[in-house]
Amino acid sequence: MTQYQPRYHVKRSVFILLFLIVALSLLISGCSTSGASEKTYRVGVLAGLSFVADITDGFKEAMTELGYVEGENITYDVRLTEFDIPTYQSILQELIEDEVDLILVFPTEASIEAKNAAAGTDVPVIFNFAQTEGTGLIESIREPGGNITGVRYPGPDLALRRFEILRELVPDATRILVPYQKGYPIVQSQLDIIYPAAEAAGVTLIEMPAETPAELASLLQELGATGSVDIDAVLFIAEPLIIGPEASAAISSFSREYNIPMGGAYFSVDGYGSLFGVNVDPIASGKLAAPLADKIFQDIPAGSIPVISAEMFMQIDYGMAQKMGLEIPEELLILADEVIR
């Protein structure tokens, strides 16, 4: 004899089954992206230095991996320029007036301007390739404060490592020229960490601040005109002057003429360039900014998101060292992320 089942038991079972199906669907759809929604986010990008413009590409690539697909649920307004404060200020004002959902900005000086421009607005800022030490950019690494967070450029750490490697490659150097952009905010903190190391090694640092490439070329010409160029090596610290095409051409021409090795930031002009470069990989640094943006799009305040520090990236120009008759220690070649032959 078949036992009778009340109809409400059947309805309840169907209801539970439907509920489980809907819940599972929502769970799957919610896991398919990291915060991406039907909203189309608008990101303004101030790429304030073409030397590291690949930061933008790294950021976009990582955002796509997080589910933010350009042209579908996110758009980018990318403004590429060189080091120029009035231009930075003008671009930032336009982005804020356009009410973008986020500003990605680099390097340091542009980031400082972005913080100031966005103050008092609802536009969050993510900085990249920006030094935090001695710049007032953030309150702390764990709690950057305000409406800003980002990827820290480890300027002092890089400066010291650059000095150490230059000493390894040119151990007899006792007078090292240090050219840089006059008044740039992250210069002093780098010099502060290099000077004690130089003093301990018996090395004299000859600073050469310049406001423009033309001024740098003039200073180098004056140094050459003395008839006695008492310089054993050139050290590049992190700043925007030297990596520009005119300034790099001027310093390369000078160093070639007097057979002076260069190192710190990597570049080559007409076959004569740096022995090495220690820096941050722009693409990798850009990728680090994507999870920060994802958190902001999930309504987490930017100022509560801890700052991330980018890792160092070392390039060694083995061919350049051979041209100059310099030996590169095997351990340096092993440590290098890229060896140029």
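Residue 8 is where the sequence shown starts when you use the numbering used here, and the numbers rise one by one after that.
Cβ coordinates follow ideal geometry from the N, Cα and C atoms, glycine included.
In this text, all values refer to a predicted model and were calculated from it rather than measured experimentally.
Where Leu111 is concerned, there is no enclosing alpha helix (DSSP H), although the beta strand (DSSP E) around it starts and stops at 109-113. Assignment of Ile119 by DSSP, reduced to helix, strand and coil, places it in the helix class. Pairing Thr233 with Ser262, the inter-Cα distance amounts to about 15 Å.
In this structure, Glu214 sits near Val185, with a CB-CB distance shorter than 8 Å. For the alpha helix (DSSP H) assignment, the uninterrupted runs of no fewer than 4 residues enclosed by the segment 188-241 are, from N- to C-terminal side, 194-207, 220-232.
Residues Ala272, Tyr273, Gln322 of the same chain have their beta carbon placed closer than 6 Å to that of Gly284, with the five preceding and five following residues left out of the count.
By the CB criterion at 8 Å, Met269 and Phe243 fall inside the cutoff. Around the C-beta of Val76, fewer than 16 other C-beta atoms lie within 10 Å, and the residue is accordingly described as exposed. Following the DSSP letters along the chain, one finds Gly293 inside the alpha helix (DSSP H) bounded by residues 289-304. With three or more CB-CB distances shorter than 8 Å, the segment 104-122 counts as touching the segment 49-59. With respect to the 8 Å criterion, Arg149 and Pro313 are classified as neighbours on the basis of their beta carbons.
When Cβ pairs closer than 8 Å are counted between the two stretches, the segment 120-135 is seen to touch the segment 143-163, the count reaching three or more. Rounded to the nearest whole angstrom, the C-alpha separation of Thr219 and Ile258 is 13 Å. For Met327, the secondary structure class from DSSP, reduced to helix, strand or coil, is helix. The DSSP assignment places 81-87 as complete runs of the beta strand (DSSP E) inside the segment 50-110, in order along the chain (cut-off: 3 residues). The segment 291-301 makes contact with the segment 60-74, as at least three CB pairs between them are under 8 Å.
Proximity of the segment 320-337 to the segment 96-107 falls short of the contact definition, fewer than three beta-carbon pairs being nearer than 8 Å. Secondary structure of Gly162 (DSSP, three-state): helix.
Between Pro163 and Ser118, the gap from beta carbon to beta carbon reaches 8 Å or more. In chain order, Tyr325, Gly326 place their CB closer than 8 Å to the CB of Arg348, counting only its own chain and leaving out the 5 sequence neighbours on each side.
When beta bridges are read from the DSSP output, Pro186 appears opposite Met215.
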